[in-house]
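One structure is given here, and the rest of the page talks about it.
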Amino acid sequence: MKPVNVGGHAAYQDRVLSQLRKHYPDAASSLPAHTWDIMEKFWNLDLSVVDSLMQDRYSVFGPEPRLPSDMLRSVLVSVEFQIVSYTKWAADLKENHLHAIISGFPVDDTPGVGTFADFFSRLWISDKNNLSDPVHPPKEKPQKPKEKGEKAPPVGKVTVEDLFKKFEEDPPQDMNPCQRIFEIFRSLFLDRSVQEGLIDLQNLSLSGDGTPVYTAAQERKKRTCDCLEKGIRDCKCNRIYSQPDCDIGWDSHRNRYYFGYDLYTLTASDSENDLPVFPFLGPASRHDSHGFLYAWYSMKQLLPDISVKKVVLDSAHDAMPYYRYFLEHGITPFIDLNNKRGRPPVYKEDFTINPDGVPVCPQGYAMRRDGTERAKGRTKFKCPKISFAGGKPTCTCESPCSDAKYGRTVHLVMKDNPRLFNDPPRSSTEWKMEYNARTSSERCNKRQKIDYKLEDGRYRSSKMWYCRLFSIMMCQHLDAWALPKTSRLKDLFEQAA
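Residues 9 to 505 (this note's numbering) make up the sequence shown, in order.
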């Protein structure tokens, strides 16, 4: 039958308070402050809307189900207490009364592991647990980079420009099974962070970065052919994969191959709390320049009203189609240059361009920026050797390249090469300050993988990995919200005592 939440969030608060008084009469002194903080967060977190959002995922017939709000709350409590196995969590709820109370369950009536599995299936809008067909040919292994710390080149033959064209006409549908859990994340957590002033979705600055997610020590597969019996070990026949959405990738940080996903997260770089906005789990072999496009176009489908003003990316995204796309859509790109991709040796016949996109005069001096003419789409640079000693402009260079009063002037027209000629230029303080915000992606990844132990899950399906990932993202937003200066729950508890 359909879930019915009689009493809403107030009923949950009453259950927590009454059970605390019964089972933990000395909780005010015996429970540590950290535990009270977690209890206070969930005491104030109203999840009763989830019961309405999940109505269509339950049948009219059958026994009365567990409330979706209680199940989701229990999942979030497991994330806060860093228990990644739901088999262990189901057992823990029966043994640890406090965890059951915070979740909203009666201590003598907690759900089993099968109930959690059923709840995750209701969050996942698909009959299949993975996105890919488990039967497919072996995938190509990425080539090991020549230098330590470098990322592996893309395995696929498709270019960034090809992906832009493809996704403009036919956006990726990989996130379709996540629509319900993303709706819960957006309506209860992302929108709340907007209300708290932590994120501005109408004037958003996004940073993006991919990070390895190890899911297993090795690739698990079975042959569907008899080639091995014939002595052919490296055939290209289909295999049956237990984790079809994962493959082998290169971890540039640890300098080794790994099996799993490439997690690409779009993070609010202008948020002090490094809050995640949108995640995407791709195969480990996927390059970041492709991972961004999958995440970006998926986000545009699920967050159509979002307005991005700035995008901050590392040198893996340094490709001309990125700059053209962002400029066409009124987005200012802050992308680090990849020097291996080159730059024009000569500009305006006798000027070269340095790694920061600044013209260098024939005598080897980097020119001085003198403003941007946005209406004309160009940035002005002046001679750096002009001196105003004595009140008269004088070129102090031994071999002046111009007899103009203020020396040689160069205008960089951004449409000539939007990759090199930025507004603001890479040499400016403004650009460097904006680009420094890219570290928000790294801190967000660290929060998910280290603090919340994302990789410890060892799940076998994308359904479980996405459910775990979104639960962690919900806790990241929950942790960023300001708690009351005094614990309302603790005050009520002590008043009763």
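Quick reminder that beta carbons are idealized off the backbone N, C-alpha and C, glycines included.
- prompt: According to the neighbour-count rule (16 or more other Cβ atoms, all chains shown, within 10 Å of its Cβ), is C245 buried or exposed?
  reply: exposed
task: Tell me, to the nearest whole angstrom, how far the beta carbon of A289 is from that of W473; I am working on the premise that it is less than 8 Å.
output: Note that residue 289 is Leu in the sequence shown, not Ala. With 8 Å as the limit, L289 and W473 qualify as a contact, their Cβ atoms being about 6 Å apart.
Buried or exposed by the 16-neighbour rule on C-beta atoms within 10 Å, applied to G218: buried
Between the CA atoms of R476 and D126 - distance to the nearest angstrom: 15 Å
message: Can you tell me whether A303 is helix, strand or coil according to DSSP?
response: helix
- prompt: Thinking C-alpha only, which one of D182, G465, F128 and A374 is nearest K471?
  reply: F128
query: Which of the three DSSP states, helix, strand or coil, is assigned to T43?
result: helix
field: Contacting residues, own chain, Cβ-Cβ under 8 Å from L335 (five flanking each side not counted)
entry: P341, M422 and P426
- prompt: What are the boundary residues of the alpha helix (DSSP H) that includes S60?
  reply: V57 to L61
message: Please state the DSSP three-state secondary structure of G122.
response: helix
query: What is the DSSP secondary structure of Y269, counted as helix, strand or coil?
result: strand
message: To the nearest angstrom, how far is the alpha carbon of V87 from that of M481?
response: 10 Å
field: Other residues of its chain near Y443: CB distance less than 7 Å, five sequence neighbours each side excluded
entry: V320, F342 and D344
task: Please name the residue or residues paired with L5 in a DSSP beta bridge.
output: The chain is shown from 9 up to 505; residue 5 falls before or after that span and cannot be answered.
- prompt: Relative to the alpha-carbon of P162, which residue among H295, Y373, H107 and Q503 has its alpha-carbon at the smallest distance?
  reply: H295
- prompt: For P287, which of helix, strand or coil comes out of DSSP?
  reply: strand
- request: Can you grab the Cα-Cα spacing for the pair E227 / E438, in whole Å?
  value: 45 Å
message: Which residue wins for smallest C-alpha separation from C483, given the options N13, Y414 and F89?
response: F89
field: Proximity winner among F193, I91 and A292, relative to Q251 (alpha-carbon distances)
entry: A292
- request: Keeping to the same chain, check which residues put their C-beta closer than 7 Å to that of M328; ignore five residues upstream and five downstream.
  value: R427
message: Let's test the definition: count the other Cβ atoms within 10 Å of the Cβ of Q63 and tell me whether it reaches 16, buried, or not, exposed.
response: exposed
task: Take S306 as the anchor and find which of S215, L283 and E176 has the nearest alpha-carbon.
output: E176
- request: Hey, could you find the ends of the alpha helix (DSSP H) V202 is sitting in?
  value: D199 to Q203
- prompt: For G372, which option in I110, F359 and D135 has the closest C-alpha, if you only look at C-alpha atoms?
  reply: F359
- request: Between the Cα of K348 and those of P284, P363, G338 and Q27, spot the shortest distance and give me the residue it belongs to.
  value: P363
query: CB-CB under 6 Å to S277, same chain, minus the five flanking residues each way: which ones, in chain order?
result: S213, S215, V320, A445 and S448
query: Can the beta-carbon of V58 be found less than 7 Å from the beta-carbon of P76?
result: yes
task: Answer with buried or exposed for Q309, where buried requires no fewer than 16 other C-beta atoms within 10 angstroms of its C-beta.
output: exposed
message: Once the 5 residues before and after K156 are set aside, which same chain residues still bring their CB inside 8 Å of it?
response: N263
- request: Keeping to the same chain, check which residues put their C-beta closer than 7 Å to that of C23; ignore five residues upstream and five downstream.
  value: Sequence inspection shows Arg at residue 23; the Cys mentioned does not correspond to that position. G112.
query: When DSSP builds the beta bridges, which residues end up paired with R247?
result: H144 and R231
- prompt: How many whole angstroms separate the CB atoms of V85 and F50, which I take to be in contact at a CB cut-off of 8 Å?
  reply: 7 Å
message: Distance check for Y330 and F172, CA to CA, integer angstroms please.
response: 9 Å
- prompt: In three-state DSSP terms, what is E381?
  reply: strand
field: CA-to-CA distance, D326 to R376, given in whole angstroms
entry: 25 Å
message: According to DSSP, P220 sits in a beta bridge with which residue or residues?
response: D270
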